[in-house]
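Per this note's numbering, the very first residue in the sequence shown carries number 664; after that it's consecutive. Ideal Cβ placement from N, Cα and C applies to all residues, glycine included.
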Amino acid sequence: MEWVILALLAGAVVYAIVIYNSLVSNRQMVREGWSGIDVQLKRRTDLIPNLMETVKGYMAHERETLDAVVNARARATSTAAAGPEARAEAEGELSSALGRLLAVAEAYPDLKANTTFLEFQAALQGVEDEIQMARRYYNGAVRNYNIQVESFPSNVVANVFKFSQAEYFELENEAERAVPQVKF
């Protein structure tokens with residue numbers, strides 16, 4: 664009888680170790696995903712000063728738009744060490760400001776023909792695509808981790824070792840989520 668109890672106890676300990684290691688692995692996947700987002704967001708903020716220099720000469724009368732991009736970039740840079748929620752809000756503002764800048768740039772034919780501007784626009788689009796891929800990876804890792812933190816019996820081990828849920832990287836601005844309306 665003692666052997667059975669010891670075997671059950673040993674099995675429970677081994678199972679708890681397996682769950683703990685799985686939680687650690689999933690937490691590392693979340694951190695890796697966040698690192699991927701961070702790298703791409705840094706690439707985007709690094710592109711902006713050169714883009715602004717290219718645009719300034721053509722868009723001197725668009726001071727408000729240029730200032731909005733500069734201010735949004737400064738806020739995004741200052742929240743670099745913040746969590747996903749604060750970072751998503753700042754990056755959403757930067758995306759909106761860049762979108763307005765590129766929309767206003769359409770009114771300047773000389774700027775649209777400038778090869779440097781076109782290169783920056785293509786690079787920015789490439790970075791935006793990479794951000795979306797990194798965001799999907801991160802949110803998938805967060806989903807898997809949070810499921811494990813919440814579901815039984817792994818939630819028992821998670822609570823004992825203080826594993827907490829991770830935040831998703833979501834757009835805060837409802838306008839950015841909305842489907843654009845096309846009017847003719």
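Helix, strand or coil: how does DSSP classify residue i here?
i	result
Gln828	coil
Gly674	helix
Ala745	coil
Ala771	The residue asked about is misnamed: residue 771 is Tyr in this sequence, not Ala. Correct three-state label for Tyr771: coil.
Asn777	coil
Leu698	Per the sequence shown, the amino acid found at residue 698 is Ser instead of Leu. If DSSP states are grouped into helix, strand and coil, Ser698 belongs with the helices.
Should residue i go down as buried or exposed, given a rule of 16 or more other Cβ atoms within 10 Å for buried?
i	result
Arg736	buried
Arg726	exposed
What does the alpha-carbon distance come out to for the pair residue i and residue j?
i	j	result
Gln795	Pro747	14 angstroms
Tyr808	Leu774	46 angstroms
Gln828	Arg694	13 angstroms
Ser759	Val820	42 angstroms
Val732	Lys719	12 angstroms
Asn684	Gly699	23 angstroms
Pro772	Glu793	28 angstroms
Thr779	Trp697	31 angstroms
Gln703	Met664	59 angstroms
Leu710	Asn822	43 angstroms
Tyr800	Val812	18 angstroms
Ala670	Lys825	27 angstroms
So, under 8 angstroms CB-CB, residue i and residue j are touching, yes? Tell me the CB distance rounded to an integer number of Å.
i	j	result
Arg750	Thr742	5 angstroms
Arg707	Val767	Not really, about 19 angstroms apart at Cβ, beyond 8 angstroms.
Ser817	Ile680	Contact flag wrong, Cβ pair sits at about 12 angstroms.
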